[in-house]
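Novice:
Number of protein chains: 2
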Amino acid sequence: MTGTTGLPMAVPAPGLPARVRIHEVGARDGLQNESAVVPTEVKAEFIHRLAAAGLTTIEATSFVHPKWVPQLADAEQLFPRLSDIAGVDLPVLVPNARGLARATELGVGRVAVFGSATESFAKANLNRTVDESLAMFDPVVAQAREHGMHVRGYLSMCFGDPWEGPVPVAQVVRVAKALMDLGCDELSLGDTIGVATPGHVTALLAALGEAGVATEAIGVHFHDTYGQALANTYAALQCGVSTVDASAGGLGGCPFAKSATGNLATEDLVWMLRGLGIETGVDLDRLVVTSNWMADRLGRPSPSRTVRALTHKG
Amino acid sequence: MTGTTGLPMAVPAPGLPARVRIHEVGARDGLQNESAVVPTEVKAEFIHRLAAAGLTTIEATSFVHPKWVPQLADAEQLFPRLSDIAGVDLPVLVPNARGLARATELGVGRVAVFGSATESFAKANLNRTVDESLAMFDPVVAQAREHGMHVRGYLSMCFGDPWEGPVPVAQVVRVAKALMDLGCDELSLGDTIGVATPGHVTALLAALGEAGVATEAIGVHFHDTYGQALANTYAALQCGVSTVDASAGGLGGCPFAKSATGNLATEDLVWMLRGLGIETGVDLDRLVVTSNWMADRLGRPSPSRTVRALTHKG
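Residue numbers (UniProt numbering), protein chains in the order written: chain Z, 1 to 314; chain P, 1 to 314.
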């Protein structure tokens, strides 16, 4: 890769975590938001390649009703194909008790529930109020923990909502605390429509800290719809956050489509973390090869700037 | 614009400047790096539209030999067409004494010289060593100041160089100080190949401060080649920098081309600054209209994520 030898130069910034755990969401959040339905064997190979590139938390699929997410209707067929992957956490989404039962049968070790900070999105996505959705999650989280599973609580629309506009920090804190009180091991704060900016991120994380939510339990999930994801990530790192969600190659966020949701690309994140001297365990070159391989399967180039830059330099 | 009413929510972060001056480079750095040569009247209308959108520093063109930059060969024809723009600084690039003479005849009030932090780029771009190029700038800066002009010193390759790899901070500080000692009023620190990351930015700005270069005299010029430009900008704001270079619509950085240089898009910057509650004076909606207008002239969509998001929402 001409011109990138020794780059980015590693220059740590004060007060940042020494290591970041990347929660790779390309195979789930990414493929769920692609228009094409990817064959099960391609998904399995993708996840194997992600693991080989050094990612240690790879969200694999969602045990949601196939009617709602046809892209992930093959969860039962996919998950057993991953059993040879060692030393990697493979969480799955479970929307409700039925999804948890399906996941339990397959020996899943980590699950995630998917909540909303706003009433509008709770209604649109779960057909429930926020409190009704929390009541639905309550037995799911309890049962998962009884089975010894690690439980992640996703929280959508933490910064803005397409129907409600800006989302007050206090409202997010209330639902975040409720999810932790249900027994979630960790939270993922989602900027679902990509409208967060660094001061807002800092304010929300400070408020969560004041409310007693441990920073170690918080992950951040930024979308790059307005190009802000990496700046927001840097602000979160400065607040002590060390779990960051990202999608290999920026999957799920096609910048050419009207529906662009714009997941933060794992490669752009890894480039920044390398520059900051923060360990991730990820082999960036190998990850770029994987994202280009997946882009070929989808028939369009990766929207990740780092993927493009390193590919063109090759 | 459905879904963005009141967004981004303005949440200031501690210690940032209250106001940022955007140094708009789309008409010069942007168009210089586009393959198409834009007609003079289109350039003139572009700059008028940028001014109408609230930008107050708009780099207009370059008085370089037409052989080197055919895209800007019309500097003499363009500049007089801007004389009706009031209250806006319209700096131009002058590579040498001949360029300064041409600019002086036209009544230019602000000029910029274009230096390099590395020997390789000085050789490639100026066919001189770094010190020889400083010697060439010396009388240019002195004469410009005699004419009462404001002088900006661009400094390229401040973070990495395609031939030399990482660029030591001390090397950049030496050339930066030399440019200030020549009499430059301000510097623009260029990450020409886009390899800066936030810790590196912070370290360079700290070193410049220790060397006695006033933060008020420093602008930053980031490229988004690896998606890092906005995170780097946020780091620079935290160091007190309040002048940021950006290119309307991300002009000059086509992400689809192998030669992608990837200027930071002004709209992505304005979105972040709005979210941080930092004043810029820019009307974002009007700027997006302008960038789409220019994209139509160039025959391809803007690579700016904010332009795309706001356009698709329209």
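Backbone N, C-alpha and C define an ideal beta-carbon position, used for all residues, glycine too. Predicted model only: the values in this text are computed from it and were never measured.
What residue range does the alpha helix (DSSP H) around Ile47/P cover?
Specialist: Segment 40-52, the alpha helix (DSSP H) holding Ile47/P.
Novice: Can you give me the C-alpha to C-alpha distance between Lys67/Z and Ala73/Z, rounded to a whole angstrom?
Specialist: Cα to Cα, the separation comes out at about 8 Å.
Novice: Taking the CB atoms as reference points, tell me whether Thr266/P and Glu24/P lie closer together than 8 Å.
Specialist: Contact flag set, yes.
Novice: Got a sec? Which residues, its chain only, sit under 8 Å from Val175/P by beta carbon, not counting five neighbours each side?
Specialist: Answer for Val175/P: Gly115, Ser116, Ala117, Val130, Leu134, Leu155, listed in chain order.
Novice: Under 8 Å Cβ-Cβ, which residues of chain P neighbour His221/Z?
Specialist: Those do not exist, as His221/Z stays about 17 Å from chain P at its closest Cβ, beyond 8 Å.
Novice: So what does DSSP say about Thr192/Z, is it helix, strand or coil?
Specialist: Three-state result, Thr192/Z: coil.
Novice: Could I get the ranges of all uninterrupted alpha helix (DSSP H) runs contained in the segment 67-99 of chain Z, with 4 residues as the minimum, in chain order?
Specialist: Taking only runs of at least 4 residues, the alpha helix (DSSP H) segments lying wholly in the segment 67-99 of chain Z are 75-78.
Novice: Whose CA, out of Ala231/Z, Glu216/Z, Ala214/Z, lies closest to the CA of Phe222/Z?
Specialist: Here the closest residue by C-alpha is Ala231/Z.
Novice: On the criterion of 16 or more Cβ atoms from any shown chain inside 10 Å, does Arg152/P qualify as buried, or is it exposed?
Specialist: Buried is the call here.
Novice: Taking the alpha-carbon positions, what's the Val42/P to Val64/P distance?
Specialist: Taking the straight line joining both Cα atoms gives about 20 Å.
Novice: Among residues of its own chain, excluding the 5 on either side of Ala295/P, which ones have a beta-carbon nearer than 7 Å to its beta-carbon?
Specialist: Cβ within range, chain order: Gly249, Pro301, Ser302.
Novice: Which one or two residues does DSSP pair with Phe121/Z in a beta bridge?
Specialist: Note: Phe121/Z sits in no beta bridge, so no partner.
Novice: Which runs of the alpha helix (DSSP H), 4 residues or longer, sit entirely within the segment 104-159 of chain P?
Specialist: DSSP runs (the alpha helix (DSSP H)) wholly in the segment 104-159 of chain P: 119-126, 130-146.
Novice: Do the segment 73-82 of chain P and the segment 28-43 of chain P make contact, defined as three or more Cβ pairs closer than 8 Å?
Specialist: The answer is yes - the segment 28-43 of chain P touches the segment 73-82 of chain P, with three or more Cβ pairs under 8 Å.
Novice: In angstroms with no decimal places, state the Cα-to-Cα distance between Glu186/P and Arg110/P.
Specialist: Taking the straight line from one Cα to the other gives about 11 Å.
Novice: What does Glu286/Z reach in chain P if we use C-beta pairs closer than 9 Å?
Specialist: Before going on, a small fix: residue 286/Z reads as Arg here, not Glu. In chain order: nothing, as chain P lies at least about 17 Å away.
Novice: Mapping DSSP to helix, strand and coil, what is Leu179/Z?
Specialist: Here Leu179/Z sits in helix by DSSP.
Novice: Rounded to whole angstroms, what is the Cα-Cα separation between Leu82/Z and Leu251/P?
Specialist: Rounded to whole angstroms, Leu82/Z to Leu251/P spans 44 Å at the Cα level.
Novice: DSSP beta-bridge partners for Gly165/P?
Specialist: Asp161/P.
Novice: In chain Z, which residues lie with their C-beta within 9 Å of the C-beta of Pro8/P?
Specialist: Those are Phe159, Gly160, Pro166, Val195, Ala196, Thr197, His200, Tyr226, Gln228, listed as they occur along chain Z.
Novice: If distances are taken between C-alpha atoms only, which option among Leu287/Z, Pro139/Z, Asp224/Z, Gly299/Z comes closest to Asn96/Z?
Specialist: Considering only alpha carbons, the answer is Pro139/Z.
Novice: Whole-angstrom Cβ separation of Thr215/P and Val173/P, contact assumed at under 8 Å?
Specialist: That belief does not hold up - the Cβ atoms of Thr215/P and Val173/P are roughly 14 Å apart, past 8 Å.
Novice: Where does the unbroken alpha helix (DSSP H) through Ala231/Z begin, and where does it stop?
Specialist: Segment 229-238, the alpha helix (DSSP H) holding Ala231/Z.
Novice: Quick one: is Ser259/P buried, meaning 16 or more other Cβ sit within 10 Å of its Cβ, or exposed?
Specialist: Annotation note: pLDDT 41 at Ser259/P (below 50); position unreliable, coordinate value reported separately. Burial call: exposed.
Novice: Measure the alpha-carbon distance for Thr104/Z versus Asp89/Z and round it to whole angstroms.
Specialist: So the alpha carbons of these two residues sit roughly 15 Å apart.
Novice: Are the CB atoms of Ala18/P and Ile47/P nearer to each other than 8 Å?
Specialist: Not in contact: Ala18/P and Ile47/P (Cβ atoms no closer than 8 Å).
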